[in-house]
Amino acid sequence: MTDFADLPLDGDDQLVLDRLAAIHTLLDPPPADLDERVRFAIAIAVADIDVEVARLSQDMLVGTGARGSERTRTITFDADRRTIMITIVDRTDGLVRLDGWLAPAAALRVELRFPAPAPAQMVTSDDTGRFVFDGVPHGLAQLLVHPPDLGDSTRVVTPSLAL
């Protein structure tokens with residue numbers, strides 16, 4: 083009996099593979115900005131800093147009611163050093179407001195990074211760990227939480243998220 087797995091691909095095999103690729107591209111294409119997302123996600127890794135990448139643990143999208151068009155998205159990221167919870171609310175002017183909380187609570191510098199050339203925004207959380215970025219444009223972003231003192235050089239960064 084012939085084992086077809088050992089035979090070289092022929093024209094019929096290539097035709098089947100081409101059709102499968104076309105169907106895959108049609109039904110599940112990669113995001114148009116995939117290359118930008120990848121470059122943005124690894125940009126922090128090539129910078130000369132120590133980071134701990136937080137893991138996405140919860141992502142919920144909630145409407146404000148049957149007639150409301152405003153959407154609220156709550157996302158929680160967990161890392162060994164801290165938890166970051168954010169709520170993203172669409173504003174009527176097309177921008178978003180990002181409310182966040184750090185646990186354990188501490189007054190820390192929180193940086194909201196965007197793909198180049200957009201500059202990062204920086205705020206300091208209060209003693210309860212609360213921080214706010216208001217008037218933020220939609221698009222890719224990452225949160226980078228800076229350590230509380232110079233003795234602890236490890237920053238916590240979230241994966242890229244779409245605002």
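Per our numbering, the very first residue in the sequence shown carries number 83; after that it's consecutive.
In this text, a Cβ means the ideal position worked out from N, Cα and C, and glycines have one as well.
Hey, how far is the Cα of LEU138 from the Cα of VAL120? 17 Å
For ALA244, does the count of other Cβ atoms within 10 angstroms reach 16, so buried, or fall short, so exposed? Label assigned to ALA244: exposed.
What residues match up with GLY182 in a beta bridge as DSSP calls it? Note: GLY182 sits in a beta bridge opposite ILE168 and PHE213.
Top-ranked residue by Cα proximity to PRO241, from GLY93, ILE157, THR107 and ASP88: ILE157
May I have the straight-line CA-CA distance separating LEU102 from ASP92, to the nearest angstrom? 16 Å
Starting from ALA246, follow the alpha helix (DSSP H) in both directions and report where the run begins and ends. In the structure as shown, the chain starts at 83 and stops at 245, and residue 246 therefore has no counterpart that could be examined.
Would you call the segment 198-205 in contact with the segment 164-179, where contact means no fewer than 3 C-beta pairs closer than 8 Å? no
Take the Cβ of GLN96 as the centre, count every other Cβ of all protein chains shown within 10 Å, and call the residue buried at 16 or more, exposed below. exposed
Could you have a look at ALA244 and say whether DSSP puts it in helix, strand or coil? strand
Residue interval of the beta strand (DSSP E) (run including ALA161): That residue, ALA161, is in no beta strand (DSSP E); it is neither H nor E in DSSP.
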